[in-house]
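Residue 0 is where the sequence shown starts when you use numbering that gives the first Met the number 0, and the numbers rise one by one after that.
Cβ atoms here follow ideal geometry from the backbone N, Cα and C, with glycine treated the same way.
Remember, predicted model here, so these are calculated numbers, not experimental data.
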Amino acid sequence: MTSAPTTSEPPVSISSLGNIAVTMQSSFLGFFAHAGFLNGLVESGVRPAKIGGASSGSLVAAAYACGLEGDALREFILNRKLQRAFREWQIPLRGPAVFGAYFGHGLINGHRAVRYLRETLPVNRIESTPSAKLSIAVTNLTRSERQIKTHGEIASFVIASCAVTPIIRSQNIDGEYYVDGGFTNDEPHEQWLDDPDVDTIIIHRIRFEGGSAPSLTKRTNFLSCWAAVHQIVTNEMNELRIAKAQAAGKKMIIHETITPRPKLIASKKIAATNYQRAYEHCLATFPVSELG
Numbered sequence: 000m001t002s003a004p005t006t007s008e009p010p011v012s013i014s015s016l017g018n019i020a021v022t023m024q025s026s027f028l029g030f031f032a033h034a035g036f037l038n039g040l041v042e043s044g045v046r047p048a049k050i051g052g053a054s055s056g057s058l059v060a061a062a063y064a065c066g067l068e069g070d071a072l073r074e075f076i077l078n079r080k081l082q083r084a085f086r087e088w089q090i091p092l093r094g095p096a097v098f099g100a101y102f103g104h105g106l107i108n109g110h111r112a113v114r115y116l117r118e119t120l121p122v123n124r125i126e127s128t129p130s131a132k133l134s135i136a137v138t139n140l141t142r143s144e145r146q147i148k149t150h151g152e153i154a155s156f157v158i159a160s161c162a163v164t165p166i167i168r169s170q171n172i173d174g175e176y177y178v179d180g181g182f183t184n185d186e187p188h189e190q191w192l193d194d195p196d197v198d199t200i201i202i203h204r205i206r207f208e209g210g211s212a213p214s215l216t217k218r219t220n221f222l223s224c225w226a227a228v229h230q231i232v233t234n235e236m237n238e239l240r241i242a243k244a245q246a247a248g249k250k251m252i253i254h255e256t257i258t259p260r261p262k263l264i265a266s267k268k269i270a271a272t273n274y275q276r277a278y279e280h281c282l283a284t285f286p287v288s289e290l291g
């Protein structure tokens with residue numbers, strides 16, 4: 000019988016972890032908290048050689064793998080240009096067609112966001128990242144399967160991993176259509192189950208104050224209902240995957256950060272608050288003093 004995965008409440012002894020891989024969960028506008036958590040890990044002396052994520056987690060994982068950490072990672076994630084890269088003037092024109100189920104399946108086509116990442120990330124290819132081996136979770140609609148991408152263009156696959164319809168439309172990459180990795184693989188780590196170079200897998204999860212989903216009433220919109228159903232399925236899938244990882248002999252640490260729920264456009268205050276809260280909670284869990 001396998002034991003339950005270690006939670007993030009008590010301080011964790013870094014020396015007991017061995018070789019570490021980190022995965023960051025899909026989360027609505029979770030970029031800020033993921034970045035704070037990751038910078039906290041680095042300051043504590045934990046430098047994962049392998050890193051992955053889904054949706055917002057894939058973006059932060061990619062930035063770190065490309066060599067951004069500390070102030071560089073914080074500035075990249077908190078830069079308002081990142082959020083603005085997802086705003087397109089055509090959104091009001093696409094709304095009636097998308098929500099009327101007449102044409103298209105996303106208000107944002109994602110092209111502007113892809114260009115922004117191409118211009119700002121210092122590395123272009125997944126397989127060429129210098130700081131850690133990168134894995135990006137996506138859902139391949141063309142092949143009807145979940146996939147972990149370890150090769151290809153970073154910008155295109157990060158936005159594909161973030162493509163939650165009907166907000167961001169599916170991304171066409173080399174003739175195949177992809178959507179949010181969180182749909183089918185919320186916290187990807189199965190790529191390390193047979194990896195002898197990974198002893199411990201750290202999962203970073205983000206929970207919102209007041210619960211993981213808004214209260215549902217007769218006035219609740221369809222997106223909230225969809226999110227609630229998706230969360231139920233995702234929770235059960237994650238439990239099974241964690242049990243599988245433990246059976247493979249991997250030590251599992253689940254680190255949860257509780258933050259205010261951001262709105263569709265996160266304010267500077269919420270972005271900074273979520274970053275700082277995750278950063279401080281990580282330092283409390285993986286103490287710097289342990290390094291002597």
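- GLY51 is bridged by DSSP to THR22, SER134.
- Counting C-beta pairs with one atom in each stretch, the stretch 179-190 and the stretch 40-57 have three or more that are closer than 8 Å, which means they touch.
- Of ALA112, LEU192, ILE202, ALA283, the smallest CA-CA separation from ILE167 is found for ALA112.
- DSSP links LYS148 through a beta bridge to ILE135.
- TYR177 is a Cβ neighbour of VAL137, given a cutoff of 7 Å.
- A direct Cα-to-Cα measurement between ALA265 and ALA64 gives close to 25 Å.
- Per DSSP, the continuous alpha helix (DSSP H) segment holding VAL41 begins and ends at 30-43.
- Taking each of ALA20, ALA283, ALA154, GLU208 in turn and checking the Cα distance to ARG124, the smallest one comes out for ALA154.
- Bridge pairing for ARG206: ILE257 [DSSP].
- Under the DSSP definition of a beta bridge, TYR115 lacks any partner.
- Using a Cβ distance threshold of 7 Å, CYS281 and LEU133 do not count as a contacting pair.
- With a threshold of 16 other beta carbon atoms within 10 Å, HIS110 falls short and is exposed.
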